Amino acid sequence: MCFLQFEKIIQHYGKNILSADKWFNKAKSNSLDDKDVCLTFDDALLCQWDVAVPVLQKRKIQAFFFVQSSVFSANPDFLEIS
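Set out below in structure tokens:
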């Protein structure tokens with residue numbers, strides 16, 4: 032079910048989705064268009080890996096994954112760490 036929902040999101044934005052490196056370069060050169068989209072995933076959750084990565088690989092889309100840094104602190108938040 033989650034795969035299908037994520038696929039629908041990808042289809043909705045279609046060609047407006049830029050790979051992470053292309054989006055970054057356009058952002059650095061201040062040339063992003065209003066419709067440019069880049070996919071980002073916060074906290075690098077296991078469910079994001081299980082659902083998003085296969086869809087992204089299938090469609091050859093690069094995205095940003097931001098790793099949760101609390102695991103390096105004295106009081107980590109164990110969201111989905113296994």
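My numbering puts the sequence shown at residues 32 to 113.
Yeah, the Cβ is synthetic: ideal placement off N, Cα and C, and Gly gets one too.
All of these numbers come straight from a predicted model, not from anything done at the bench.
{"Query": "Own chain partners of V98 with C-beta closer than 8 Å, once the 5 adjacent residues on each side are dropped", "Result": "D74 and A75"}
{"Query": "In chain order, each beta strand (DSSP E) run of at least 3 residues that lies wholly inside the stretch 49–81", "Result": "71–74"}
{"Query": "Beta bridge counterpart(s) of V98 as assigned by DSSP", "Result": "D74"}
{"Query": "Proximity to A94 [Cα-Cα], best of W80, L63 and H43", "Result": "W80"}
{"Query": "Beta-carbon proximity check, V82 vs C33, cutoff 9 Å", "Result": "yes"}
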